[in-house]
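Inspection log for the structure reproduced underneath, given as structure tokens.
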Amino acid sequence: MRKDILNTIKSLRENGYSAKLYTNIEDAKKELIEKIDPSNTVGIGGSMTIYDMKIYEELLNRDVEVYWHWMASDGEVKDIRNKADKADIYLTSTNAITEDGKLVNMDGVGNRVASMFYGHEKVFIIAGTNKICKDYEAARDRIKKIAAPKNVERLVADTPCRITGLCTDCRASARICNIETIIHKKPSDVDITIFLIDEELGY
């Protein structure tokens with residue numbers, strides 16, 4: 001097992017999170033689904049990790065009430081985001097995790113990062129070990145060189161990084177790096193569980 005993975009899990013636990021390492025997607029997905037009662041409402045933040053794991057579809061198959069703006073029509077996006085903000089449980093990923101257990105994120109609207117630490121009974125954060133970074137500077141570097149350019153490419157957003165592949169702190173109206181959050185330790189009023197999967201997932 002890579003030393004940085006072991007260090008990260010240890011740090012996350014020391015920082016107050018319930019954190020568990022999984023060797024594969026299926027084991028993590030099975031345990032995550034088991035933690036969600038069908039009576040719970042679930043909100044999902046934008047996440048290629050969750051999209052690729054098909055968690056949304058699995059929850060629907062179990063008759064769970066799920067709100068995810070990625071699956072909404074253009075006219076419904078704002079309403080679905082608002083409902084997701086008020087859900088019992090929130091699911092998302094993170095742009096980066098430092099070895100000392102910080103969660104570092106950039107967001108365009110802010111719904112995802114806000115819901116990571118406030119407003120829900122439980123938050124489940126799912127991330128591949130490719131999101132692990134040595135420190136805060138490496139985490140920001142990862143967001144600028146990997147997460148942001150790949151996301152604007154997916155969105156076909158009119159930003160310089162879609163062309164250059166590198167963040168230039170632009171002023172484009174379609175910019176997705178408007179809000180930066182660093183969660184240093186688990187906030188006191190929310191139950192956060194981190195599923196760290198030893199595979200490459202998401203951006």
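Under UniProt numbering, the residues of the sequence shown are numbered 1 to 203, in order. Every residue, glycine too, gets a C-beta built ideally from N, C-alpha and C.
Report the partner residues of residue i according to the DSSP bridge assignment.
i    : result
K20  : F195
L103 : I97 and I183
Hey, residue i and residue j are a contact pair by Cβ (cut 8 Å); roughly how many whole angstroms apart?
i    : j    : result
I132 : I97  : 5 Å
I176 : G108 : 4 Å
T49  : I126 : 5 Å
Y67  : G45  : That belief does not hold up - the Cβ atoms of Y67 and G45 are roughly 10 Å apart, past 8 Å.
R162 : E153 : 5 Å
I55  : L32  : 7 Å
K30  : M53  : So it is not a contact: roughly 11 Å between Cβ atoms.
Kindly indicate which residue of the options has the alpha-carbon position closest to the one of residue i.
i    : options                   : result
S12  : E200, Y203 and L196       : What sits at residue 12 in the sequence shown is Leu, not Ser. Among E200, Y203 and L196, the Cα nearest to that of L12 is on L196.
G194 : K150, K185 and F124       : According to the sequence displayed, residue 194 carries Ile and not Gly. I194 has its Cα closest to that of F124, out of K150, K185 and F124.
I179 : I50, R2, M106 and A19     : M106
N15  : D191, L201, G202 and E199 : D191
Y136 : K186, R2 and N95          : N95
E65  : S47, E31, T49 and K86     : K86
K150 : A138, K134, C167 and A139 : C167
R2   : E99, K122, G165 and V113  : E99
S18  : R171, L201, D198 and K185 : K185
P187 : R62, I36 and E121         : E121
D189 : F117, G75 and T8          : F117
D4   : E200, K134, C170 and E199 : K134
E200 : T129, T8 and C170         : T129
Y51  : A114, A28 and M71         : M71
H69  : K102, S47 and L59         : S47
G101 : N7, D198, Y203 and G202   : N7
L60  : D74, E76, D37 and V77     : D37
V77  : G119, N111 and S39        : N111
Would you please verify whether the beta carbon of residue i is less than 8 Å from any beta carbon of chain D?
i    : result
I192 : The structure shown contains no chain D, having only a single protein chain.
Contact between the segment 81-92 and the segment 152-159 (3+ Cβ pairs under 8 Å): Too few Cβ pairs lie closer than 8 Å, so no.
Does the pairing of the segment 12-27 with the segment 86-96 give three or more beta-carbon distances under 8 Å? As far as the Cβ criterion goes, the segment 12-27 does not touch the segment 86-96, which means the pair count is below three.
Alpha helix (DSSP H) runs wholly inside the segment 121-153, at least 4 long, in chain order: List check, alpha helix (DSSP H) in window: 136-142.
Unbroken stretches of the beta strand (DSSP E), 3 residues or longer, contained in the segment 11-97: Annotation: the segment 11-97 contains the following complete segments of the beta strand (DSSP E) (minimum length 3 residues), in chain order: 18-22, 41-44, 65-68 and 89-92.
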